[in-house]
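Protein chains in written order, with full-length UniProt numbering: chain A, 1 to 449; chain B, 1 to 276.
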């Protein structure tokens, strides 16, 4: 009797487990397929966009009227950005696929630059035509390679999940057709080297990273330690560790970490080797109850900058984040605000002391500039603004525009409805360089229900 | 003679005190504001009062949320202009005195509305009862009695609270055992990727790029981040980059990919090596 019951129970148990296992298996498969489908879609999208891209570049070349080029170039720009986003969805992050992405991005930059230009007044130069032609042939190569991969994927029924697995288990030797295919694409692009995009082309990734405006001699590790000790202000009973930058850095710096032996408070900072300038500084400390106002804190920040030899700065923005005040300063040259020269200072609102600062942008870009006298008057510039905007403030400024160039502008702060806008009108050409809608406070969504 | 002088002195002091008491009293009553100079970007009770008073006079039409944003800034400047004060957009002592004199502030009413999450305004000359609207029909009784501070918060340009939350999740999942600088560094790498040509152009795109972050792959990203992680993200967004513009990082003890070792290394923070 007992035995019979036991058998029944066990049999039910086995059947139940089998059923449950089967359910799990099905669910897992469903999810796998779903993930696989996402990859497949991104991949096929990518090849499709590359096809289109190639065709479109071809059309622009064939166009006779230079003025009708603009929409076509804008289309090229759109396609590169879509292709780029497709690449981002594929599990290739650990594959060397950078060159291809850079190539896409360069085509995008080039087409954007030329598309937003008034081609009636300033038609494509011969050199730019040559660049376009070169891009046309190069995109053909990539298209070919990608199509090959696509063909194999379809024919052999290859799955991206296998790529995932292969990359995850890091079986370098594993023969994975997709990985190999993408490596071929990458090699092809590498072969192009630096495409010549013409003299006026600013590669957006190539900012000055070398602190070329800094003056001074190389400092030693000891000097770096001394500088950091001064900034950290954690007293004399401290452990100091100085490390030199790795080989991959674009510039020489020392990383210094200062730790108070008693309180264990720690400050980290990077200092340029050239001249010993502080690039950034962060003090790790629990900030207690707020005791001082944001305004006092901003005065402290100003004093701190003065004491450390930063001069000619305007307070540009201030904001309170809980118990911390964050202030952005920009330099001011004869009444013109230089926005690329930015320094940020964070002040703890419990003791009013500097908790962090970052001078990287400032050190990289600050120098005495030749700011040309504006070619148009303030009133002329103001007339270019949307009449709906009520202008409240104006000044002159140097900003970096969408094409990564410094331009001299008139800056207008204005309101429309509840919103505040910052509008920059080029002081040379009267072109509207940038319109920013300034952030309003954001409601906290916690506890709304 | 000497005694007389002393008596006169005592009398003088007493009378001064008597005179001073009502003055102190009135000053105290009038300046509900604390002593701070309120400036753009500030948050807190003083800002709530500033906004309420400016609204009472009709200068401020926005929401009373306790964050000194652009709306408050222009309202304050208009007030300073109308009342013949120096127009600097700072609520200093003189401005606050003028404001207190010209307007009324029903602190209890404003606080109550904020705590209840009601929609309300604080215009002068209108019955306050008509200016509030409970949110969402039947107002559920609020159990908690901790005073809710501002109902809004400062956000850096170009980012939403949700972006920051997502990044804080990623930072916490990836680097919760790291020193604070290491957490800022991870957040900075995410932002460097957003700005880079070789990665997607959105925060979510970068974070959810397949196989980019282990914390995303194994689900650690959905742990609840602490305040530190969020602070690190804010620092990175506000311009701190301890990595020297790195695009990759890895933990040399657990890295599975051989390829990552071929990247040019910039520096090491905590357990992570940062590379280009």
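Just so it is clear, CB atoms sit at the ideal spot from N, CA and C, and this is done for glycine as well. Computed from a predicted model, the values in this text were never measured in an experiment.
Separation of residue 84 of chain A from residue 200 of chain B, as counted between CA atoms
Translated into positions along the second chain, residue 200 of chain B becomes position 200. Translated into positions along the first chain, residue 84 of chain A becomes position 84. If I take the Cα positions, the gap works out to 7 Å.
Rounded Cβ spacing between residue 282 of chain A and residue 180 of chain B (contact assumed at less than 8 Å):
Counting from one through the first chain, the residue named residue 282 of chain A turns up at place 282. Counting from one through the second chain, the residue named residue 180 of chain B turns up at place 180. Their Cβ separation, rounded to whole angstroms, is 7 Å, which keeps residue 282 of chain A and residue 180 of chain B in contact under 8 Å.
Compare the C-beta of residue 439 of chain A against all C-beta atoms of chain B and say whether one is closer than 9 Å.
For the purposes of this step, residue 439 of chain A is taken as residue 439 along the first chain, with counting starting at 1. Yes, residue 439 of chain A counts as interfacial toward chain B.
Is it right to say residue 71 of chain B is buried, meaning 16 or more other beta carbons lie within 10 angstroms of its own, or is it exposed?
In the second chain, counting from the first residue as 1, residue 71 of chain B sits at position 71. Buried: at least 16 other Cβ atoms inside 10 Å.
Using 8 Å as the threshold, is the segment 337 to 357 of chain A in touch with the segment 284 to 298 of chain A, meaning 3 or more CB pairs across them?
yes
With C-beta atoms as the reference, is residue 256 of chain A less than 9 Å away from residue 224 of chain A?
Position 256 of the first chain, counting from 1, holds the residue named residue 256 of chain A. Position 224 of the first chain, counting from 1, holds the residue named residue 224 of chain A. Their beta carbons are under 9 Å apart, which means residue 256 of chain A touches residue 224 of chain A by this criterion.
Among B:48, B:231, B:197 and B:254, whose alpha-carbon lies nearest the alpha-carbon of residue 106 of chain B?
The count along the second chain starts at 1 and reaches residue 106 of chain B at position 106. The shortest Cα separation from residue 106 of chain B among B:48, B:231, B:197 and B:254 belongs to B:48.
Which runs of the alpha helix (DSSP H), 4 residues or longer, sit entirely within the segment 333 to 378 of chain A?
360 to 365
Alpha helix (DSSP H) segment containing residue 151 of chain A, residue limits:
What you label residue 151 of chain A is simply residue 151 of the first chain in a count that begins at 1. 126 to 155 is the extent of the alpha helix (DSSP H) around residue 151 of chain A.
Span of the beta strand (DSSP E) around residue 305 of chain A:
Within the first chain, the letter at position 305 stands for residue 305 of chain A. Not the beta strand (DSSP E): residue 305 of chain A falls in the alpha helix (DSSP H), residues 294 to 307.
Mind checking if residue 31 of chain B is an interface residue toward chain A, Cβ cutoff 9 Å exclusive?
As a working note, residue 31 of chain B is residue 31 in the second chain. Its pLDDT being 48, under 50, residue 31 of chain B is placed unreliably by the model, and nothing is read from it.
Quick one: list the residues of chain B neighbouring residue 47 of chain A, beta-carbon separation under 7 Å, in chain order.
One-based indexing of the first chain puts residue 47 of chain A at position 47. Per Cβ cutoff of 7 Å: no residues; residue 47 of chain A is ~18 Å from chain B at best.
Since residue 315 of chain A and residue 304 of chain A should fall inside the 8 Å C-beta cutoff, what is the C-beta to C-beta distance between them, to a whole number of angstroms?
Indexing the first chain from 1 puts residue 315 of chain A at position 315. Indexing the first chain from 1 puts residue 304 of chain A at position 304. Rounded, the Cβ-Cβ distance is 12 Å, inconsistent with contact.
Output, in chain order, the set of chain B residues within a Cβ distance shorter than 9 Å of residue 308 of chain A.
Residue 308 of chain A sits at position 308 when you count from the first residue of the first chain. Simply none; closest approach about 17 Å.
Should residue 229 of chain B and residue 276 of chain B be called a contact, given that it needs their Cβ atoms to be closer than 9 Å?
Numbered from its first residue, the second chain carries residue 229 of chain B at position 229. Numbered from its first residue, the second chain carries residue 276 of chain B at position 276. Contact flag unset, no.
Opening and closing residue of the alpha helix (DSSP H) in which residue 16 of chain A lies:
Taking the first chain and counting its residues from 1, one reaches residue 16 of chain A at position 16. Per DSSP, residue 16 of chain A belongs to the alpha helix (DSSP H) from 2 to 62.
Separation of residue 30 of chain A from residue 183 of chain B, as counted between CA atoms
Here residue 183 of chain B corresponds to residue number 183 of the second chain, with the count starting at 1. Here residue 30 of chain A corresponds to residue number 30 of the first chain, with the count starting at 1. Going from the Cα of residue 183 of chain B to the Cα of residue 30 of chain A covers about 36 Å.
For residue 280 of chain A, list the residues DSSP reports as bridge partners.
For this step, residue 280 of chain A is matched to residue 280 along the first chain. Answer by DSSP bridge pairing, in chain order: A:270 and A:358.
Does the beta carbon of residue 392 of chain A sit closer than 9 Å to a beta carbon anywhere in chain B?
By 1-based counting over the first chain, the position of residue 392 of chain A is 392. Judged by the 9 Å Cβ criterion, residue 392 of chain A is in contact with chain B.
Do we get a CB-CB distance below 9 Å when we pair residue 276 of chain B with the residues of chain A?
Position 276 of the second chain holds residue 276 of chain B. Chain A contact via Cβ: present.
Sort out for me which residues DSSP pairs residue 243 of chain A with in a bridge.
As a first step, residue 243 of chain A must be located in the first chain, where it is residue number 243. BP columns for residue 243 of chain A point to A:255.
Rounded to a whole number of angstroms, what is the C-alpha to C-alpha distance between residue 198 of chain A and residue 124 of chain A?
The residue given as residue 198 of chain A occupies position 198 in the first chain. The residue given as residue 124 of chain A occupies position 124 in the first chain. With a pLDDT of only 48 at residue 198 of chain A, under the threshold of 50, the placement of this residue in the model should not be trusted, and no figure is reported.
How about residue 184 of chain A and residue 148 of chain A: are their beta carbons less than 9 Å apart?
As a first step, residue 184 of chain A is located in the first chain; it is residue number 184 there, counting from the start. As a first step, residue 148 of chain A is located in the first chain; it is residue number 148 there, counting from the start. Closer than 9 Å, so yes.
To which residues does DSSP link residue 324 of chain A through a beta bridge?
Taking the first residue of the first chain as 1, we reach residue 324 of chain A at position 324. Paired residue(s): A:321 and A:348.
Out of B:231, B:117 and B:209, state which residue places its alpha-carbon closest to the alpha-carbon of residue 172 of chain B.
Start at 1 with the first residue of the second chain, and residue 172 of chain B comes out as number 172. The option with the nearest alpha carbon to residue 172 of chain B is B:231.
Could you tell me which chain B residues have their CB closer than 8 Å to the CB of residue 280 of chain A, listed as they occur along the chain?
The sequence position of residue 280 of chain A within the first chain is 280, counting from 1. Residues of chain B passing the Cβ test: 240, 241 and 242.
Euclidean distance between Cα positions of residue 249 of chain A and residue 161 of chain A
Indexing the first chain from 1 puts residue 249 of chain A at position 249. Indexing the first chain from 1 puts residue 161 of chain A at position 161. C-alpha separation (whole angstroms): 35 Å.
If you pair each beta-carbon of the segment 292 to 301 of chain A with each one of the segment 251 to 265 of chain B, do three or more pairs fall below 8 Å?
no
Under a three-way DSSP split, which group does residue 253 of chain B fall into?
The residue given as residue 253 of chain B occupies position 253 in the second chain. Three-state DSSP puts residue 253 of chain B in coil, outside helix and strand.
With DSSP run on the structure shown, which of helix, strand or coil describes residue 137 of chain B?
For the purposes of this step, residue 137 of chain B is identified with residue 137 of the second chain, where counting begins at 1. Only weak support exists for where residue 137 of chain B lies, its pLDDT of 38 falling under 50; the value from the coordinates is given anyway. Three-state result, residue 137 of chain B: coil.
For a contact defined as C-beta to C-beta under 8 Å, what are the partners of residue 74 of chain B on chain A?
In the second chain, residue 74 of chain B corresponds to position 74, counting from 1. Here the neighbours are 392, 415 and 420.
Should residue 237 of chain A be labelled buried (16 or more other beta-carbon atoms within 10 Å of its own) or exposed?
Working through the first chain from its first residue, we reach residue 237 of chain A at position 237. So residue 237 of chain A ends up on the exposed side.
For residue 272 of chain B, which beta-bridge partners are listed by DSSP?
Working through the second chain from its first residue, we reach residue 272 of chain B at position 272. The partner list for residue 272 of chain B (beta bridge, DSSP) reads B:269.
Counting only Cβ pairs nearer than 9 Å, list the residues of chain B close to residue 270 of chain A.
If you number the first chain from 1, residue 270 of chain A lands on position 270. 242, 244 and 267, listed in chain order.
I want to see whether chain A comes within less than 9 Å of residue 95 of chain B, judged by CB atoms only; does it?
By one-based count along the second chain, residue 95 of chain B stands at place 95. By this cut-off, residue 95 of chain B is not an interface position.
Contact with chain B by residue 151 of chain A, beta-carbon distance below 9 Å
Taking the first chain and counting its residues from 1, one reaches residue 151 of chain A at position 151. By this cut-off, residue 151 of chain A is not an interface position.
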